[in-house]
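Asker: This is the structure, below, for whatever I ask next.
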Amino acid sequence: MLPKNIAALVEPPFECGRIVSQDRGAYIVATVHGEMRAEVTGSFRYSAQVAVDFPIVGDFVAMSMKSDIAMIHKLLPRKNLFARRGIYGSDELQPIAANLDTLFITVSVNRDFNVRRLERYMVAAAGFDVPCALALTKIDLVEEASEFINAAKAVAGKNSVIALSALGGQGLNELNPFLGPDKTIAFVGSSGVGKSTLINALLQEERLAVSSISSQIQRGRHTTTRRLLLQRADGTCIIDTPGMREFALADAESGVDSVFSEVMELALECRFRDCKHRSEPGCAVKEGVDAQTYSSWNKLEKEAAYETRKTDRFAAEAEKSKWKAIHKANRQRRR
Ligand SMILES: Nc1nc2c(ncn2[C@@H]2O[C@H](COP(=O)(O)OP(=O)(O)OP(=O)(O)O)[C@@H](O)[C@H]2O)c(=O)[nH]1
Ligand SMILES: [Mg+2]
Ligand SMILES: [Zn+2]
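Under our numbering, the residues of the sequence shown are numbered 5 to 339, in order.
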């Protein structure tokens with residue numbers, strides 16, 4: 005749970021911990037003494053501005069012990085952070101998990117199966133530099149999974165596609181290369197695709213609640229309500245997440261470029277250097293890619309560009325309010 009090289013970043017009297025779960029301001033951290041409750045210190049809270057400044061599941065932290073609660077003083081540097089744009093009108097980045105070795109984008113091979121959604125998640129993962137793989141679940145429900153596997157592989161690029169059944173056990177061992185001590189993996193996807201069932205199968209224990217209703221009829225019911233990091237006997241840390249209905253991109257322009265590298269390569273051949281690949285003459289992209297890829301790329305690219313403009317504006321505003329606060333504090337000190 006606490007790799008040596010990371011724990012070594014924390015100097016006594018502080019100790020290293022890892023965020024296992026979070027409920028508003030209350031955290032559970034894994035420590036060398038076992039799991040315990042934790043909260044951030046007052047000065048941590050004072051200097052944190054937005055949600056991503058606070059600890060999230062998967063984060064390593066430096067903390068001190070105060071009787072039965074750990075006080076979190078500081079976040080250790082993150083290897084990566086997976087997030088989405090806040091929903092319900094909030095524009096803030098909503099962090100999902102930190103320090104991932106593999107993000108499993110999970111879809112079931114029934115009604116939920118949707119290649120466009122796979123692309124969207126892959127773009128987000130690439131945008132945040134989070135390695136990802138595609139997990140196609142519930143293959144016991146179909147006679148022939150190859151149609152789904154091929155559709156997923158057609159958009160997967162270099163990412164692995166793993167088809168499995170948590171109930172039947174098929175394909176589970178294909179996850180082995182992603183497991184091991186000091187590895188952290190997370191599962192994301194819509195509600196009911198079988199994320200928690202799959203994690204229970206990996207843990208070989210029924211540690212997570214799963215839906216008792218098969219998702220064929222279940223709609224909009226969320227069984228998992230909170231992100232949770234669990235440790236497997238071999239040391240693998242596995243993060244379960246609640247099903248996401250919407251996944252709004254944030255800061256994903258580089259992600260679009262990397263998932264649609266085919267478009268990027270063709271773009272070099274367009275007649276005009278500043279070709280937008282919409283209706284310009286001599287556009288190699290419009291000529292070179294199939295209509296479906298073009299439309300996926302176009303939609304995600306527009307959304308990502310819009311989100312980037314918004315992020316830049318927020319960053320500028322946050323910077324402004326930070327300096328305002330500093331000037332105010334300085335004025336008060338001088339008085
Ligand atoms: N046939 C079949 N059913 C499965 C499989 N995996 C999960 N299920 C069923 O799918 C339903 C939903 O499973 P969950 O594991 O709760 O799904 P989830 O993705 O964790 O859903 P949320 O927590 O709401 O995000 C349950 O009824 C499971 O029994 C599978 O491999 N095959
Ligand atoms: Mg679940
Ligand atoms: Zn072009």
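Where a beta carbon is used, it is the ideal one built from N, C-alpha and C, also for glycine.
For residue 358, which residues in the same chain have their Cβ closer than 7 Å to its Cβ, ignoring the five residues on either side in sequence?
Answerer: No information on residue 358 is available, as it lies outside the stretch 5 to 339 that the chain covers here.
Asker: Hey, is residue 304's beta-carbon within less than 9 Å of any beta-carbon in chain B?
Answerer: You won't find chain B in this structure, because it holds only one protein chain.
Asker: Do residue 6 and residue 55 have their C-beta atoms within less than 9 Å of each other?
Answerer: Taking the sequence shown and counting its residues from 1, the one referred to as residue 6 is at position 2. Taking the sequence shown and counting its residues from 1, the one referred to as residue 55 is at position 51. No, the pair does not count as a contact, with Cβ atoms beyond the cut-off.
Asker: How far does the beta strand (DSSP E) with residue 74 in it extend, from its first residue to its last?
Answerer: Locating residue 74 in the sequence shown gives position 70, where the first residue counts as 1. That run of the beta strand (DSSP E) goes 73-79.
Asker: Do you know how far the Cα of residue 84 is from the Cα of residue 133?
Answerer: Along the sequence shown, read from residue 1 onward, the residue named residue 133 stands at position 129. Along the sequence shown, read from residue 1 onward, the residue named residue 84 stands at position 80. Looking at the backbone, the Cα of residue 133 and that of residue 84 are separated by about 7 Å.
Asker: If contact is defined by three or more beta carbon pairs under 8 Å, each pair taking one atom from either stretch, is the segment 207-214 in contact with the segment 250-270?
Answerer: no
Asker: Classify residue 38: buried if its beta carbon has 16 or more other beta carbons within 10 angstroms, exposed otherwise.
Answerer: As a working mapping, residue 38 is identified with position 34 in the sequence shown. Exposed: under 16 other Cβ atoms inside 10 Å.
Asker: Is residue 276 near ligand 3, in the sense that its beta carbon is under 8 Å from a heavy atom of that ligand?
Answerer: Within the sequence shown, the letter at position 272 stands for residue 276. Under cutoff, so the answer is yes.
Asker: Would you mind stating whether residue 227 and residue 194 have Cβ atoms separated by less than 9 Å?
Answerer: In the sequence shown, the residue the question calls residue 227 occupies position 223. In the sequence shown, the residue the question calls residue 194 occupies position 190. No, these two residues do not count as a Cβ contact at 9 Å.
Asker: Rounded to whole angstroms, what is the Cα-Cα separation between residue 296 and residue 302?
Answerer: Sequence index remark: in the sequence shown, residue 296 carries index 292 (1-based). Sequence index remark: in the sequence shown, residue 302 carries index 298 (1-based). Near 10 Å, if we compare the C-alpha coordinates of residue 302 and residue 296.
Asker: Quick check: residue 52 and residue 58, are their CB atoms within less than 9 Å of each other?
Answerer: The residue labelled residue 52 in the question sits at position 48 within the sequence shown. The residue labelled residue 58 in the question sits at position 54 within the sequence shown. In contact: residue 52 and residue 58 (Cβ atoms closer than 9 Å).
Asker: Do you know how far the Cα of residue 142 is from the Cα of residue 99?
Answerer: Residue 99 sits at position 95 when you count from the first residue of the sequence shown. Residue 142 sits at position 138 when you count from the first residue of the sequence shown. Going from the Cα of residue 99 to the Cα of residue 142 covers about 28 Å.
Asker: Are the CB atoms of residue 188 and residue 316 within a distance shorter than 9 Å?
Answerer: As a first step, residue 316 must be located in the sequence shown, where it is residue number 312. As a first step, residue 188 must be located in the sequence shown, where it is residue number 184. 9 Å or more divides the Cβ of residue 316 from the Cβ of residue 188.
Asker: Measuring from the CB of residue 3, is there a heavy atom of ligand 3 at a distance below 8 Å?
Answerer: Since the first and last residues shown for the chain are 5 and 339, residue 3 lies out of range.
Asker: Please work out which residues of its chain come closer than 8 Å, Cβ to Cβ, to residue 183, disregarding the five sequence neighbours upstream and downstream, and give them in chain order.
Answerer: Mapped onto the sequence shown, residue 183 falls at position 179. So the qualifying residues of the chain are 189, 206, 236, 238 and 240.
Asker: On a Cα-Cα basis, can you pick out the residue from 234, 255, 198 and 62 that is closest to residue 101?
Answerer: As a working mapping, residue 101 is identified with position 97 in the sequence shown. It is 62.
Asker: When you measure from the CB of residue 141 to every non-hydrogen atom of ligand 2, does any distance come out below 8 Å?
Answerer: Translated into positions along the sequence shown, residue 141 becomes position 137. For ligand 2, not one heavy atom lies less than 8 Å from the Cβ of residue 141.
Asker: Please state whether the Cβ-Cβ distance between residue 146 and residue 197 is less than 9 Å.
Answerer: The residue you call residue 146 lines up with position 142 of the sequence shown. The residue you call residue 197 lines up with position 193 of the sequence shown. No, they are not a contact pair.
Asker: Quick one: which unbroken alpha helix (DSSP H) runs of 4-plus residues sit fully inside the segment 274-312? Chain order, please.
Answerer: Entirely contained in the segment 274-312, the alpha helix (DSSP H) runs reaching 4 residues are, in chain order, 288-292.
Asker: Relative to the C-alpha of residue 88, which residue among 304, 300 and 252 is closest?
Answerer: Numbered from its first residue, the sequence shown carries residue 88 at position 84. Residue 88 has its Cα closest to that of 252, out of 304, 300 and 252.
Asker: Ends of the beta strand (DSSP E) at residue 70?
Answerer: Position 66 of the sequence shown, counting from 1, holds the residue named residue 70. Residues 64-70.
Asker: Using only the alpha-carbon positions, how far apart do residue 232 and residue 64 sit?
Answerer: Working through the sequence shown from its first residue, we reach residue 232 at position 228. Working through the sequence shown from its first residue, we reach residue 64 at position 60. Each residue's Cα considered, the two are about 14 Å apart.
Asker: Determine the burial state of residue 169: buried for a count of at least 16 other Cβ atoms within 10 Å of its Cβ, exposed for fewer.
Answerer: Translated into positions along the sequence shown, residue 169 becomes position 165. Label assigned to residue 169: buried.
Asker: For residue 108, does the three-state DSSP call read helix, strand or coil?
Answerer: Here residue 108 refers to the residue found at position 104 of the sequence shown. Reduced to three states, the DSSP call for residue 108 is strand.
Asker: Would you say residue 79 and residue 139 are within 9 Å of each other, going by their C-beta atoms?
Answerer: Taking the sequence shown and counting its residues from 1, the one referred to as residue 79 is at position 75. Taking the sequence shown and counting its residues from 1, the one referred to as residue 139 is at position 135. Result no, Cβ atoms of residue 79 and residue 139 do not sit closer than 9 Å.
Asker: Taking all protein chains shown into account, do 16 or more other C-beta atoms lie within 10 angstroms of the C-beta of residue 116, making it buried, or fewer, making it exposed?
Answerer: Here residue 116 corresponds to residue number 112 of the sequence shown, with the count starting at 1. By the 10 Å Cβ count, residue 116 comes out buried.
Asker: Check residue 35 in the structure and name its three-state DSSP category.
Answerer: Along the sequence shown, one-based indexing puts residue 35 at 31. Of the three classes helix, strand and coil, the one that applies to residue 35 here is strand, per DSSP.
Asker: With a cut-off of 8 Å on the beta carbons, I'd call residue 300 and residue 120 a contact; round off their distance for me.
Answerer: Within the sequence shown, numbered from 1, the residue matching residue 300 stands at position 296. Within the sequence shown, numbered from 1, the residue matching residue 120 stands at position 116. Right, their Cβ atoms sit about 6 Å apart.
Asker: Using C-beta distances below 6 Å, list every residue in its chain close to residue 11, excluding the 5 sequence neighbours before and after it, in chain order.
Answerer: Taking the sequence shown and counting its residues from 1, one reaches residue 11 at position 7. 20.
Asker: Does the distance from the CB of residue 60 to the CB of residue 26 come in under 9 Å?
Answerer: Sequence index remark: in the sequence shown, residue 60 carries index 56 (1-based). Sequence index remark: in the sequence shown, residue 26 carries index 22 (1-based). When the beta-carbon positions are compared, residue 60 and residue 26 come within less than 9 Å of each other.
Asker: Could you check where the alpha helix (DSSP H) with residue 60 kicks off and where it finishes?
Answerer: Taking the first residue of the sequence shown as 1, we reach residue 60 at position 56. From DSSP, residue 60 is part of no alpha helix (DSSP H); its letter is neither H nor E.
Asker: Only counting the same chain, and skipping five residues up and downstream in sequence, which positions put a Cβ closer than 8 Å to that of residue 123?
Answerer: For this step, residue 123 is matched to residue 119 along the sequence shown. Cβ neighbours of residue 123 beyond the five flanking positions: 159, 263, 300 and 304.
Asker: Pick helix, strand or coil for residue 230, following the three-state DSSP scheme.
Answerer: Here the question's residue 230 lines up with position 226 in the sequence shown. Reduced to three states, the DSSP call for residue 230 is coil.
Asker: Express the C-alpha separation of residue 33 and residue 24 in angstroms, rounding to a whole number.
Answerer: Locating residue 24 in the sequence shown gives position 20, counting from the first residue. Locating residue 33 in the sequence shown gives position 29, counting from the first residue. Looking at the two C-alpha atoms, the distance is approximately 5 Å.
Asker: CB of residue 214 to nearest heavy atom of ligand 1: below 8 Å?
Answerer: As a working mapping, residue 214 is identified with position 210 in the sequence shown. Under cutoff, so the answer is yes.
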